[in-house]
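K.L.:
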Amino acid sequence: MTVTANSNASNQTELISAVIDGIEIRVPKGTLIIRAAEQLGNQIPRFCDHPSLAPVAACRMCLVEIDGMPKPQPSCAIALTDGMVVKTQQSSEVAAQAQAGVMEFLLLNHPLDCPVCDKGGECPLQNQAMTNGRAESRFEEGTKRLFEKPININSEILLDRERCVSCARCTRFADEIAGDPTLELLERGAHQQVGTADDRPFESYFGGNTIQICPVGALTSATYRFRSRPFDLISHNTICEHCSSGCSTRTDVRRGKIMRRLASNDPEVNEEWNCDKGRFAFTHTVIDRISTPLIRENGELRAASWPEAISFAAAGLKGKRAGVLTGGRLPQEDAYAFARFARVVLNTNNLDFRNRTSSDEEAEFLANHIAGSGLNVSYRDLETADVVVLVAFEPENESPIVQLRLRKAVRNNKLKVIAVDSAAAPGHEKLSAELHLAKPGTEAAALSALSDKLKGRNAIVLVGERAAASAGLLSAAVALSDATAAKLAWVPRRAGERGAVEAGLLPNLLPGGRLLSDATDRAAVAAEWNVQQLPTAIGLDQKGMVQAANAAKLDAFLVAGVDVTDVAYHDDFKAALAKTFVVSLEPHYSSVTDYADVILPVGVITEREGSFVDWEGRERSFTAAMHQSLALSDARVLHLIANELGIKFADDAKSAALHKSLTELKSTTKKPAMTKVSAVESAGLVLAGLRQLIDNGSLQNGEAHLAATAREAVAKVNAKTAADHGLIDGNLVVLEAPGGTLVIPVEIAAVADQTIWLPLNSDGSTPLINLGITIGDSVSVKDAGAYVV
Amino acid sequence: MAITEQFKNELRELIARYPEPRSALLPMLHLVQSVEGYITQAGIEVCAAEVGLTTAEVSAVASFYTMFKRYPVGKHHLGVCVNSMCALKGGDAIWNRISSDLGIGHDETTADGQITLERIECQAACTHAPVMTANWEFMDDMDETKAVKLVSDLQAGVEVRSTRGPKIRTFKEVSRTIAGFDDGEVDEPAIDDAMLVGLRAAKKEGN
Amino acid sequence: MTKLVPNLSAHWDEADSHTLTGYQRHGGYTAMKKAFELGEDGVIAEVKESGLRGRGGAGFPTGMKWGFVPQGDGKPHYLVVNADESEPGACKDIPLMMLNPHSLIEGVIIAAYAIRANYAFIYIRGETPHPIRRVRQAVAAAYEAKLLGKNILGTGFDLEVVVHSGAGAYICGEETALLDSLEGRRGQPRLKPPFPAVAGLYASPTVVNNVETVASVPAIIKNGAAWYKSFGTEKSPGIKLFAVSGDVLRPGIFEAPLGITMRELINYAGGMVSDRPVKFFVPGGSSVPLLTPEHLDVPLTYEDMAAHGTMLGTGTPMVFDTSRSVTKAVVRWIEFYKHESCGKCTPCREGTYFMVDILKRLEKGKGELADLDLLVDISAQISGRSFCALGDAAATPIPAALKYFREEFESKLVGAK
């Protein structure tokens, strides 16, 4: 029997032929013995081996016999060569004994606490002790190594050192994959143990992965510890709702409660990692839930039946000048329902998903260059690129799996990363990025100057959501891409944003990447929707709607997934909501439900099915992890309102039908290039910043362990700016703007001139709320004296 | 003692000797011990900052090597070799005697902070077994009596000379030497009969 | 009777043997000139021809090791001297560095020249300040005499030498662990391949040689390979420093051709210290299996030691008379390996822990017969399965001791008379 590896690589790579346990196998040159054996269904036992980590051959569990070699060899570290004859534990007594010997050694100092260990039932040590170990211990009278247990290596990860087998998967993950060498092997020999520095915890946005790859129960999750047994869990394939990385995740549920979330292995997307937000932040699904429809009467909310609430909402919207605002949480199918509802039921193009700083330039960029562009740039493309330019996009905070893939490419493929941004971030260092610091408003010029570095090379430009805050930057990115043939991709922060673009949730854009301004496109959409025609006038964006409402030119809002404090004009926003009839579709009480006239509770992400579209343009479909839930989807609620109004909205509000309808509308027609926009630079000191991965975002509510891993909020300025404005490293600074003041510690760091950088939504640093300004706006500062902790 | 700017300059001097900064880490940690008396948190932090590592990385290195101590070492560090050759030739007896006299065990320091005792591994001086070290200087061909005198002399501040090396100074001073800074003691004799047994036998033969 | 051949130790009786003056008085730093005349490849050829083998324990042919370094690869090359002498029994490099450091420095110059290295490091174990002082001074003196630095002797050859201190870790004698340590990391051995000759220090081609090996090179270049090969045997040519310790009258260092016997060395050391005869001896450090009086006349060569189930190792025999307990010696060696195990691989880290646990029980008279078989079994589970040679070394003492002295072990078991 000959087995040929069935991998894409085999098409291009030279194949070699070898024999494992008497079976001939052909695999690409360079394939490790342990991987080749897997293809034969032979699981050679292993601990330190991990496909995504460099081989270390430390645990010695995977020893096999190789013809011509006097000693058993580690199959995790040796590539098959042509003609090699390997005998594993299945056909070699030497290999079997070597493995049994190593297993005996590993168990010497391992406690017999499997019945109370989280890993019990899914533990490689437990499993392999059964398959490859001795039946009885010969260490009966021995004295085991003992440690104080457990210790916190950070707020969300606990370490039981006596369970550790020193495989170093966790420390190698921290160093190689995350680039956070803050978890290390300490001590020596039999005293060797995993640990951190005395003064600092394990600091990483990706630390939770170490729990998952630990082959024993040494690393456990503070939230999951002792809460369930693996065999009591029902696992569901899910997609992470926290950002546009599109991670494939596994949600484990016990008796209707989410117990934990793990990273699933998706080689094209997140490989087998996720970030700590994706792993640990799921309590938001159960807190502050709205359990019944609510109607505001005399200023007070009261419970209502669904028929009453739907009828109330329908009456309030009927014949009104309305606008539709959706945030970033919606699955693509629900977004599509809103896009259709707005045009067909409310007869308006006043709709916008961008509950953040945005611009007309961005709307045109998204409509003309992103919508319908499909899988234009993929994770795999990042890995094979020569140069990747990050524009107003810091991946470690804003799309962490992009960060990991870039780091992998930097380490393995010599990828060069160039960043154009307002401040240096730790993530840049982990990518060895060439940093071009630019004051907000001046990035376009910095970007244009990069043209020579990209020409003739396999280059990719990634722009982030913050690019919208800088006039001219998106059109400069398009120009750079055109001039250098670099591929261009947009990496939004929120999970639902790319799907909202595809669904046409913009004032200038129809679903399927079709332009509102294009008659053919309009006709196609109208046909799919069985209506005579669509409203043709370009609608208002979010800010425009807020202004219109405050000017009494808009009567009603249909809002879903929006928090008014996500924008600098939150006071105007609140005023607009207060003046108008507001229909709010929310799972949770929020800053919008405070103003809602009717609240229609919808399900959280784990209670529904649908798909996100990740930044690549890849559809990421998921099913309901909490499938017993009776909560409705947004689309279903819209369907009910439309029915109430007697408007035929859609035949079927189910996710699959909506998805099919949206798919039918997909257009691949190339669209005209966007209008070139000129840069605008504010004079003097301006605000810069980003939303840190772990911050006050509402989807992180209720996660104290996670919150404690957030990076400390400090303002950053460079030395020159500090001197110009009399700021002192380590002191407090007071920022002043028309909306108010904010006091925060300041640090001298690598920041663009005349720029003060701060986290946009962290504890102690919420400038949009406190100052009422956003990125690129002028701000004044002064020293506020010593910072006393 | 605090980490001074001069101390940092000396760390940088060590770094400058190597093509890559991190290579200087072991000498730097010896230098930390020469001012702090052991590997302090402040010492770890300054080394981490100077070579661009995390404090976890420096701790990982420091905790790997036996010579780097986690607790304050006494004015004098005394080692007793208890590897096979020395142990059999009297090392165990020496250890038992001075450990009992001083009332301290392995890696412990007398209450007055004068002496730290350590059971040490082979010192590459088996021809001189049993061997002790005084602040890592050779104290060859020891026995219980000599060991007791060594301890009492050090306690009394009486000058003690290494059998192959200079007069005994302090743990901190020698840590500086080990870190790679000259101390002017290089010409102190390193020769004794055992080193010359072979040469004398050869000369006697006329080779 | 094999004659002693003082070479590296020839002038140790001169008070200034460690100084430049002392070294040059006897023709020091002339070999390097000859080396420059021979050219890089000529030096490698001469060292290959001399048959010099590594004196650190493994006995790998030195010239061949140098020949593995790729040429014209555009990367910097490094020479690293392993002066981390820590093996129980080994005590030859430390005296050599104290008493004749310039032979090492001249050897460094020649070896670095041959492998096209412009940077050399001498990694000295940290617990030995006096050798550190002396080697540092020798390097400084050589710089001052323009024997190191830029454009040495007008040849265009540049060489920087750094004297580096370790910090107490026997494992750093393993060459890849030494390189990690020299890079400021935990001294744990590296996965091979790549071998240091291809990717060593800073991932560049590197040769790691023992002190005595490097110090032997100047005499070979000066006197020629033929001279060197006139000593020793065909497979073990040349001269070596034998450090004899233990129950002999005058323990010390004897420089002799390979092939000298243990009996001859004991004679040179004045015989046994008492009338008690030899019980056992360990020819080359605790990592090689012990031998017994029947082996006193076996030539101390790489091949003869191998033929008798042991190794020449560092060539520093420890001699024990009949008053000595082999069990105690073995316990301390195994405790040593446990203490020095780096922790990277399971067999060495846990196997030494397991052995010490059983040996402690034996020492307390609580062992049982099955424990002896278990000890042999554990040794077999470590040997050949560990990451590096430290594990193999830890697996060595027990099988050999039990082979010759099983009764002594059995006499300490529960219920033994």
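Chains as they are written, first to last, in the numbering used here: chain V, 1 to 789; chain E, 790 to 996; chain H, 997 to 1413. Heads up, the beta-carbon is just placed ideally off N, CA and C, and yes, glycines get one too. The structure presented is a predicted model; accordingly, all values stated were derived computationally and were not measured.
Which residues of chain V have a Cβ atom closer than 8 angstroms to the Cβ of S852 of chain E, listed in chain order?
P.N.:
Taking the second sequence and counting its residues from 1, one reaches residue 852 of chain E at position 63. By Cβ distance, chain V contributes L186, E187 and R188.
K.L.:
Is the stretch 964–981 of chain E in contact with the stretch 805–820 of chain E, if contact means three or more CB pairs nearer than 8 angstroms?
P.N.:
Yes, since at least three Cβ pairs between the stretch 964–981 of chain E and the stretch 805–820 of chain E fall closer than 8 angstroms, the two stretches touch.
K.L.:
Compare the C-beta of G195 of chain V with all C-beta atoms of chain E and state if any pair is closer than 9 angstroms.
P.N.:
Walking along the first sequence from the start, residue 195 of chain V turns up at place 195. Cβ-Cβ to chain E under 9 angstroms: yes for G195 of chain V.
K.L.:
Counting beta carbon pairs with one atom in the stretch 1124–1131 of chain H and one in the stretch 144–163 of chain V, are three or more of them shorter than 8 angstroms?
P.N.:
Short answer: they don't touch.
K.L.:
Just the C-alpha distance for K716 of chain V and I748 of chain V, rounded to the nearest angstrom, thanks.
P.N.:
Position 716 of the first sequence holds residue 716 of chain V. Position 748 of the first sequence holds residue 748 of chain V. Whole-angstrom Cα-Cα distance: 6 angstroms.
K.L.:
What residues in its chain sit with their C-beta under 7 angstroms from that of K1399 of chain H, if we drop five residues either side in the sequence?
P.N.:
In the third sequence, the residue the question calls residue 1399 of chain H occupies position 403. Counting only Cβ-Cβ distances below 7 angstroms, and skipping sequence neighbours, we find nothing.
K.L.:
Under 9 angstroms between beta-carbons, which chain H residues line up against P861 of chain E? List them in chain order, please.
P.N.:
Translated into positions along the second sequence, residue 861 of chain E becomes position 72. Result: empty, since nearest Cβ-Cβ is about 18 angstroms, beyond 9 angstroms.
K.L.:
Using the beta-carbon of each residue, which ones in chain V are nearer than 7 angstroms to K1340 of chain H?
P.N.:
Position 344 of the third sequence, counted from the start, is the residue given in the question as residue 1340 of chain H. Ordered by position in chain V, the residues that pass the 7 angstroms Cβ test against K1340 of chain H are A58.
K.L.:
Give me the Cα-Cα distance between A467 of chain V and N209 of chain V, rounded to the nearest whole angstrom.
P.N.:
On the first sequence, residue 467 of chain V is found 467 positions in, with the first residue counted as 1. On the first sequence, residue 209 of chain V is found 209 positions in, with the first residue counted as 1. Approximately 31 angstroms, taken between the alpha carbons.
K.L.:
If you check the beta carbons only, do E703 of chain V and T171 of chain V fall under 9 angstroms apart?
P.N.:
Position 703 of the first sequence, counted from the start, is the residue given in the question as residue 703 of chain V. Position 171 of the first sequence, counted from the start, is the residue given in the question as residue 171 of chain V. Their beta carbons are not under 9 angstroms apart, which means E703 of chain V does not touch T171 of chain V by this criterion.
K.L.:
For the beta strand (DSSP E) holding S780 of chain V, just list the boundary residues, first then last.
P.N.:
Counting from 1 along the first sequence, the entry for residue 780 of chain V is found at position 780. Looking at the DSSP string, the run of the beta strand (DSSP E) that includes S780 of chain V is S780 to D783.
K.L.:
Rounded to a whole number of angstroms, what is the C-alpha to C-alpha distance between S852 of chain E and E187 of chain V?
P.N.:
For the purposes of this step, residue 852 of chain E is identified with residue 63 of the second sequence, where counting begins at 1. For the purposes of this step, residue 187 of chain V is identified with residue 187 of the first sequence, where counting begins at 1. Whole-angstrom Cα-Cα distance: 5 angstroms.
K.L.:
With DSSP run on the structure shown, which of helix, strand or coil describes V1207 of chain H?
P.N.:
Locating residue 1207 of chain H in the third sequence gives position 211, counting from the first residue. Looking at V1207 of chain H - three-state DSSP - the assignment turns out to be helix.
K.L.:
Say whether chain V places a C-beta atom closer than 9 angstroms to the C-beta of Q830 of chain E.
P.N.:
In the second sequence, residue 830 of chain E corresponds to position 41, counting from 1. Yes, Q830 of chain E counts as interfacial toward chain V.
K.L.:
Give a yes or no on whether the C-beta atoms belonging to A178 of chain V and F206 of chain V are separated by under 9 angstroms.
P.N.:
By 1-based counting over the first sequence, the position of residue 178 of chain V is 178. By 1-based counting over the first sequence, the position of residue 206 of chain V is 206. In contact: A178 of chain V and F206 of chain V (Cβ atoms closer than 9 angstroms).
K.L.:
Flag L1358 of chain H as yes if its beta-carbon sits less than 9 angstroms from any beta-carbon of chain V, otherwise no.
P.N.:
As a first step, residue 1358 of chain H must be located in the third sequence, where it is residue number 362. By this cut-off, L1358 of chain H is not an interface position.
K.L.:
Any idea if Y1109 of chain H is buried or exposed, counting beta-carbon neighbours within 10 angstroms, 16 or more meaning buried?
P.N.:
Within the third sequence, residue 1109 of chain H is the residue found at index 113, counting from 1. That one is buried.
K.L.:
I need the straight-line Cα distance from H1160 of chain H to G1055 of chain H, nearest angstrom please.
P.N.:
Counting from one through the third sequence, the residue named residue 1160 of chain H turns up at place 164. Counting from one through the third sequence, the residue named residue 1055 of chain H turns up at place 59. Using only the alpha carbons, I get a separation of about 24 angstroms.
K.L.:
Interface residues of chain H around M984 of chain E at Cβ under 7 angstroms?
P.N.:
Here the question's residue 984 of chain E lines up with position 195 in the second sequence. The contacting residues are W1008, P1091, L1095, G1248 and I1249.
K.L.:
Between K1408 of chain H and T1323 of chain H, is the Cβ-Cβ spacing less than 9 angstroms?
P.N.:
Taking the first residue of the third sequence as 1, we reach residue 1408 of chain H at position 412. Taking the first residue of the third sequence as 1, we reach residue 1323 of chain H at position 327. In this structure, T1323 of chain H lies closer than 9 angstroms to K1408 of chain H by Cβ.
K.L.:
Would L891 of chain E and A1325 of chain H qualify as a contact pair, given that the criterion is a beta-carbon distance under 9 angstroms?
P.N.:
Indexing the second sequence from 1 puts residue 891 of chain E at position 102. Indexing the third sequence from 1 puts residue 1325 of chain H at position 329. No, they are not a contact pair.
K.L.:
Any Cβ of chain V within less than 9 angstroms of the Cβ of D1353 of chain H?
P.N.:
Mapped onto the third sequence, residue 1353 of chain H falls at position 357. Answer yes: the Cβ-Cβ gap between D1353 of chain H and chain V drops below 9 angstroms somewhere.
K.L.:
Once the 5 residues before and after S7 of chain V are set aside, which same chain residues still bring their CB inside 8 angstroms of it?
P.N.:
If you number the first sequence from 1, residue 7 of chain V lands on position 7. Legend: pLDDT at S7 of chain V = 45, less than 50; position of this residue unreliable, no value from coordinates given.
K.L.:
On a CA-only basis, which of V:R279, V:I258 and V:N274 is nearest I287 of chain V? Give me that one, please.
P.N.:
Working through the first sequence from its first residue, we reach residue 287 of chain V at position 287. It is V:I258 whose Cα lies nearest to the Cα of I287 of chain V.
K.L.:
I need the DSSP call for A1265 of chain H, collapsed to helix, strand or coil.
P.N.:
For this step, residue 1265 of chain H is matched to residue 269 along the third sequence. It is coil, neither helix nor strand.
K.L.:
Taking 9 angstroms as the threshold (beta carbon to beta carbon), is R200 of chain V in contact with chain E?
P.N.:
If you number the first sequence from 1, residue 200 of chain V lands on position 200. Yes, its Cβ sits closer than 9 angstroms to a Cβ of chain E.
K.L.:
Using beta-carbon positions only, say whether L183 of chain V and V194 of chain V come within less than 9 angstroms of one another.
P.N.:
Position 183 of the first sequence holds residue 183 of chain V. Position 194 of the first sequence holds residue 194 of chain V. For L183 of chain V and V194 of chain V, yes; Cβs fall inside 9 angstroms.
K.L.:
Using a C-beta cutoff of 9 angstroms, does P1185 of chain H count as contacting chain A?
P.N.:
Looking at the structure shown, chain A is missing, and the protein chains on hand are V, E and H.
K.L.:
Between the alpha carbons of G902 of chain E and Q944 of chain E, how many angstroms are there, rounded?
P.N.:
Taking the second sequence and counting its residues from 1, one reaches residue 902 of chain E at position 113. Taking the second sequence and counting its residues from 1, one reaches residue 944 of chain E at position 155. Roughly 10 angstroms separates the two Cα atoms.
K.L.:
Taking the alpha helix (DSSP H) that A471 of chain V belongs to, which residues open and close that run?
P.N.:
As a position in the first sequence, residue 471 of chain V is number 471, starting the count at 1. From DSSP, A471 of chain V is part of no alpha helix (DSSP H); its letter is neither H nor E.
K.L.:
Using the Cβ count rule (16 or more neighbours within 10 Å means buried), how would you classify Y860 of chain E?
P.N.:
Position 71 of the second sequence holds residue 860 of chain E. Per the 10 Å Cβ criterion, exposed.
K.L.:
Give a yes or no on whether the minimum CB-CB distance between I883 of chain E and chain V is below 9 angstroms.
P.N.:
Within the second sequence, the letter at position 94 stands for residue 883 of chain E. Closer than 9 angstroms: no.
K.L.:
Would N109 of chain V and E1346 of chain H be called neighbours here (beta carbons separated by less than 9 angstroms)?
P.N.:
Here residue 109 of chain V is taken as the residue at index 109 of the first sequence, counted from 1. Here residue 1346 of chain H is taken as the residue at index 350 of the third sequence, counted from 1. Against a cut-off of 9 angstroms, the Cβ pair of E1346 of chain H and N109 of chain V comes out as a contact.
K.L.:
My assumption, with CB atoms under 8 angstroms, is that S1283 of chain H sits in contact with G1053 of chain H. Please give the rounded CB distance.
P.N.:
Locating residue 1283 of chain H in the third sequence gives position 287, counting from the first residue. Locating residue 1053 of chain H in the third sequence gives position 57, counting from the first residue. S1283 of chain H to G1053 of chain H, Cβ: 7 angstroms. Contact.
K.L.:
So, is K1088 of chain H buried or exposed, given that buried needs 16 or more other C-beta atoms within 10 angstroms?
P.N.:
For the purposes of this step, residue 1088 of chain H is taken as residue 92 along the third sequence, with counting starting at 1. Burial call: buried.
K.L.:
Around the C-beta of S1097 of chain H, are 16 or more other C-beta atoms found within 10 angstroms, so that it is buried, or is it exposed?
P.N.:
Working through the third sequence from its first residue, we reach residue 1097 of chain H at position 101. Per the sequence presented here, residue 1097 of chain H reads as Pro, with Ser not at that position. That one is buried.
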